[in-house]
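Visitor: Structure incoming, see below.
Number of protein chains: 2
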Amino acid sequence: MRAPYGLNILDNCTTCPIRGEHLFCNLSPRAAQRLNEIKATAIYPKGTMLFLEGQQPRGVFVLCSGKAKLSTSSREGKTIITKISESGDILGLNGVVSNRQYEVTAEMMEPGQANFIPRDSFLHFLRDFPEVAMRVAEQLSRNYYTAYEEIRTLGLTSSPSEKFAKLLLSWSTKSAQHDGTANLKVTLTHEEIAETIGTTRETVSRLFSEFKKKQLLQLKGATLVIRNRSTLEEMAQI
Amino acid sequence: MRAPYGLNILDNCTTCPIRGEHLFCNLSPRAAQRLNEIKATAIYPKGTMLFLEGQQPRGVFVLCSGKAKLSTSSREGKTIITKISESGDILGLNGVVSNRQYEVTAEMMEPGQANFIPRDSFLHFLRDFPEVAMRVAEQLSRNYYTAYEEIRTLGLTSSPSEKFAKLLLSWSTKSAQHDGTANLKVTLTHEEIAETIGTTRETVSRLFSEFKKKQLLQLKGATLVIRNRSTLEEMAQI
DNA sequence: CTGGAATAGTGATGCAGATCACGCAGCTAC
DNA sequence: GTAGCTGCGTGATCTGCATCACTATTCCAG
Numbered sequence: 001m002r003a004p005y006g007l008n009i010l011d012n013c014t015t016c017p018i019r020g021e022h023l024f025c026n027l028s029p030r031a032a033q034r035l036n037e038i039k040a041t042a043i044y045p046k047g048t049m050l051f052l053e054g055q056q057p058r059g060v061f062v063l064c065s066g067k068a069k070l071s072t073s074s075r076e077g078k079t080i081i082t083k084i085s086e087s088g089d090i091l092g093l094n095g096v097v098s099n100r101q102y103e104v105t106a107e108m109m110e111p112g113q114a115n116f117i118p119r120d121s122f123l124h125f126l127r128d129f130p131e132v133a134m135r136v137a138e139q140l141s142r143n144y145y146t147a148y149e150e151i152r153t154l155g156l157t158s159s160p161s162e163k164f165a166k167l168l169l170s171w172s173t174k175s176a177q178h179d180g181t182a183n184l185k186v187t188l189t190h191e192e193i194a195e196t197i198g199t200t201r202e203t204v205s206r207l208f209s210e211f212k213k214k215q216l217l218q219l220k221g222a223t224l225v226i227r228n229r230s231t232l233e234e235m236a237q238i
Numbered sequence: 239m240r241a242p243y244g245l246n247i248l249d250n251c252t253t254c255p256i257r258g259e260h261l262f263c264n265l266s267p268r269a270a271q272r273l274n275e276i277k278a279t280a281i282y283p284k285g286t287m288l289f290l291e292g293q294q295p296r297g298v299f300v301l302c303s304g305k306a307k308l309s310t311s312s313r314e315g316k317t318i319i320t321k322i323s324e325s326g327d328i329l330g331l332n333g334v335v336s337n338r339q340y341e342v343t344a345e346m347m348e349p350g351q352a353n354f355i356p357r358d359s360f361l362h363f364l365r366d367f368p369e370v371a372m373r374v375a376e377q378l379s380r381n382y383y384t385a386y387e388e389i390r391t392l393g394l395t396s397s398p399s400e401k402f403a404k405l406l407l408s409w410s411t412k413s414a415q416h417d418g419t420a421n422l423k424v425t426l427t428h429e430e431i432a433e434t435i436g437t438t439r440e441t442v443s444r445l446f447s448e449f450k451k452k453q454l455l456q457l458k459g460a461t462l463v464i465r466n467r468s469t470l471e472e473m474a475q476i
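Line by line, the protein sequences are chains A and B.
With my numbering as the guide, the letters of the first sequence map in order to residues 1 to 238.
With my numbering as the guide, the letters of the second sequence map in order to residues 239 to 476.
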């Protein structure tokens with residue numbers, strides 16, 4: 001049982017951060033044992049497509065390290081990035097649970113490790129361990145709320161600057177200081193930011209200059225410093 | 239156990255259409271019996287808010303007749319309608335299952351009958367009848383896909399005419415003829431259509447005239463005739 | 001170090017659609 | 001009747017942002 005595109009299968013997923021909300025944390029010994037039997041750990045290089053929008057679901061991926069970008073595209077080539085998944089996230093869950101085609105494309109943005117669990121084994125696993133099935137339901141519900149947040153952003157936010165402010169805030173929540181500043185690495189290109197907030201690359205460029213001029217942010221190399229959180233919050237209010 | 243805003247509690251929900259995908263169809267006798275004990279049937283007048291966005295979930299509503307519009311609003315008052323629910327739909331499910339606040343407001347668009355099931359009873363019910371829990375998971379998954387469709391529409395569809403074409407097609411699927419025409423009643427005001435496709439009332443007015451001129455549709459009173467489905471499909475392609 | 005690709009900055013232009021403003025039709029109330 | 005409502009049609013205007021077209025920068029492979 002090998003993951004597609006697999007390289008260097010490792011013995012175990014040692015780098016997986018143990019987090020409370022992680023699907024596979026604190027499993028009963030039997031469940032953990034079973035999980036160990038059905039998963040296939042692999043390292044995927046940057047650019048790997050874990051799965052494509054529209055494919056029949058083959059299984060789920062549990063991301064251990066690295067980031068993956070989830071996107072959906074129109075026939076004319078327009079793309080929106082709906083989420084940047086990080087370690088701990090489960091990719092492809094909705095497709096597998098409901099046996100509908102994957103609704104997004106998942107692409108590794110940097111090399112990273114992931115556990116692949118084939119659809120059939122995964123569904124059996126859920127059937128045998130109701131405790132895990134419950135967690136899956138919760139995760140599905142979380143996914144739903146994330147999707148709904150996206151709908152609100154796309155449908156209710158009028159201007160690109162508003163969306164940009166929202167995005168900056170969502171980035172900064174993890175690294176916020178008490179004084180309202182935050183430092184973070186920008187890993188997305190302007191193009192990708194544009195796809196995230198539904199505008200063009202040029203507009204993103206202009207937004208950066210505009211926000212710099214307004215002292216809302218500052219750039220030191222690839223490090224972004226958020227200088228004025230409260231003003232951003234005003235701008236982003238939905 | 240009374241539903242809020244309840245009027246004229248009926249003995250039973252006789253008008254509920256029995257459909258395959260309906261959550262409460264073909265239940266085991268025991269489950270049906272239990273359901274009967276915990277539900278409260280009522281008739282709600284037009285304009286009733288079954289629940290409001292942001293409220294703590296009190297329970298779910300199963301719509302038996304009438305239509306309800308689900309919407310979400312920004313602080314500045316901009317509103318998007320995310321779905322028009324019809325009989326058989328379960329409203330408030332996500333909030334109840336995940337115990338997060340309702341993500342939408344549900345308002346009756348016409349008088350209608352609904353079964354209200356309080357949160358606690360509903361969750362107990364699910365725990366006692368895993369078969370129903372499975373159906374709930376499926377429904378959640380369907381909700382998720384609907385939300386995702388909405389994201390694609392909002393994020394990838396550029397022009398109002400494209401979205402309008404999509405909307406017309408979604409209306410016409412139910413009443414389509416072989417020759418590509420369809421008759422249907424328009425129950426939404428232009429304002430509501432605008433909120434559904436994320437534009438303004440005026441633009442919707444202009445879209446109607448434009449589409450009439452292009453022979454795509456025709457209006458006979460409140461009856462809308464779709465004359466050229468294939469052109470609409472071209473316009474709507476995503 | 002060097003050439004080519006990817007990424008980023010910025011000016012000029014144009015246009016779709018929001019906004020504003022107004023008139024009109026239909027409906028209910030009394 | 002007529003006053004007041006909600007819903008609809010349409011013209012005039014204004015503007016934010018997509019688009020195009022370049023140049024400048026960074027990055028990295030060989």
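Beta carbons: idealized from backbone N, C-alpha and C, even for Gly.
At what residues does the beta strand (DSSP E) containing P356 of chain B begin and finish?
Guide: Sequence index remark: in the second sequence, residue 356 of chain B carries index 118 (1-based). Taken as a continuous stretch (DSSP letters only), the beta strand (DSSP E) holding P356 of chain B covers G350 to P356.
Visitor: Do we get a CB-CB distance below 8 angstroms when we pair G258 of chain B with the residues of chain A?
Guide: Locating residue 258 of chain B in the second sequence gives position 20, counting from the first residue. The pLDDT assigned to G258 of chain B is 45, lower than 50, so where the model puts this residue is not dependable; a value taken from the coordinates is nonetheless given after this. So, not an interface residue.
Visitor: Just verifying my parser: in three-state terms, what is the DSSP assignment at N8 of chain A?
Guide: Within the first sequence, numbered from 1, the residue matching residue 8 of chain A stands at position 8. Legend: pLDDT at N8 of chain A = 36, less than 50; position of this residue unreliable, value from coordinates given subsequently. Three-state result, N8 of chain A: coil.
Visitor: Measuring only the C-alpha atoms, how far is E195 of chain A from R152 of chain A?
Guide: Taking the first sequence and counting its residues from 1, one reaches residue 195 of chain A at position 195. Taking the first sequence and counting its residues from 1, one reaches residue 152 of chain A at position 152. Cα-Cα distance, rounded: 16 angstroms.
Visitor: Under 8 angstroms, Cβ to Cβ, is there at least one residue of chain A near V335 of chain B?
Guide: Indexing the second sequence from 1 puts residue 335 of chain B at position 97. V335 of chain B counts as touching chain A.
Visitor: For E448 of chain B and chain A, any beta-carbon pair shorter than 8 angstroms?
Guide: Within the second sequence, residue 448 of chain B is the residue found at index 210, counting from 1. It does not: the Cβ of E448 of chain B has no partner Cβ on chain A nearer than 8 angstroms.
Visitor: Under 8 angstroms by Cβ, that's how I've got A385 of chain B and A147 of chain A pegged, so tell me the actual separation to the nearest angstrom.
Guide: Numbered from 1 along the second sequence, position 147 holds the residue referred to as residue 385 of chain B. Numbered from 1 along the first sequence, position 147 holds the residue referred to as residue 147 of chain A. 4 angstroms between Cβ atoms; contact.
Visitor: Does the segment 87-104 of chain A come within contact of the segment 56-66 of chain A, defined as at least 3 CB pairs closer than 8 angstroms?
Guide: yes
Visitor: Hey, is R296 of chain B's beta-carbon within less than 8 angstroms of any beta-carbon in chain A?
Guide: Numbered from 1 along the second sequence, position 58 holds the residue referred to as residue 296 of chain B. No - not a single Cβ of chain A is within 8 angstroms of the one on R296 of chain B.
Visitor: Rounded to whole angstroms, what's the CA-CA distance from G244 of chain B to V300 of chain B? Just pull it up for me.
Guide: The residue given as residue 244 of chain B occupies position 6 in the second sequence. The residue given as residue 300 of chain B occupies position 62 in the second sequence. Unreliable positioning characterises G244 of chain B in this predicted model, as indicated by a pLDDT of 35, which lies under 50. A coordinate reading is not provided.
Visitor: State the DSSP-derived secondary structure class of I226 of chain A, mapped to helix, strand or coil.
Guide: Looking up residue 226 of chain A in the first sequence gives position 226. Note: I226 of chain A maps to strand in three-state DSSP.
Visitor: Quick check: the Cα distance between I435 of chain B and N26 of chain A, rounded to an integer number of angstroms?
Guide: Walking along the second sequence from the start, residue 435 of chain B turns up at place 197. Walking along the first sequence from the start, residue 26 of chain A turns up at place 26. Note on geometry: alpha-carbon atoms of I435 of chain B and N26 of chain A lie some 44 angstroms from one another.
Visitor: Give the single residue among B:M473, B:E448, B:S266 and B:E471 whose Cα lies nearest to the Cα of P368 of chain B.
Guide: Counted from its first residue, the second sequence places residue 368 of chain B at position 130. The candidate whose alpha carbon is nearest that of P368 of chain B is B:S266.
Visitor: Taking a cut of 7 angstroms between CB atoms, which residues from the segment 378-410 of chain B lie near chain A?
Guide: L378, S379, N381, Y382, Y383, A385, Y386, E388, I389, R390, L392, G393 and L394
Visitor: Taking its Cβ as the centre, do 16 or more other Cβ atoms sit within 10 Å of N143 of chain A, making it buried, or is it exposed?
Guide: For this step, residue 143 of chain A is matched to residue 143 along the first sequence. Buried, since its Cβ has 16 or more Cβ neighbours within 10 Å.
Visitor: For the segment 304-331 of chain B, which residues have a CB atom closer than 7 angstroms to at least one CB atom of chain A, in sequence order?
Guide: T310, S312, R313, K316, I318 and T320
Visitor: Cβ of Q237 of chain A less than 8 angstroms from any chain B Cβ?
Guide: In the first sequence, the residue the question calls residue 237 of chain A occupies position 237. At least one chain B Cβ lies under 8 angstroms of Q237 of chain A.
Visitor: Tell me which same chain residues have a C-beta within less than 6 angstroms of the C-beta of T105 of chain A, skipping the five on either side of it?
Guide: Position 105 of the first sequence, counted from the start, is the residue given in the question as residue 105 of chain A. L52, E53 and S71, listed in sequence order.
Visitor: Among A:E210, A:S85, A:N228 and A:A40, which has the Cα closest to the Cα of H178 of chain A?
Guide: Stepping through the first sequence from its first residue, residue 178 of chain A is reached at position 178. The closest CA to that of H178 of chain A, considering only A:E210, A:S85, A:N228 and A:A40, is found on A:N228.
Visitor: Ignore the nearest five residues each way along the sequence and tell me which others in T200 of chain A's own chain have a CB closer than 7 angstroms to its CB.
Guide: The residue you call residue 200 of chain A lines up with position 200 of the first sequence. Around T200 of chain A: A194.
Visitor: Count the other C-beta atoms from every protein chain shown that fall within 10 angstroms of the C-beta of N274 of chain B, then say buried if there are 16 or more, exposed otherwise.
Guide: As a position in the second sequence, residue 274 of chain B is number 36, starting the count at 1. Result: exposed.
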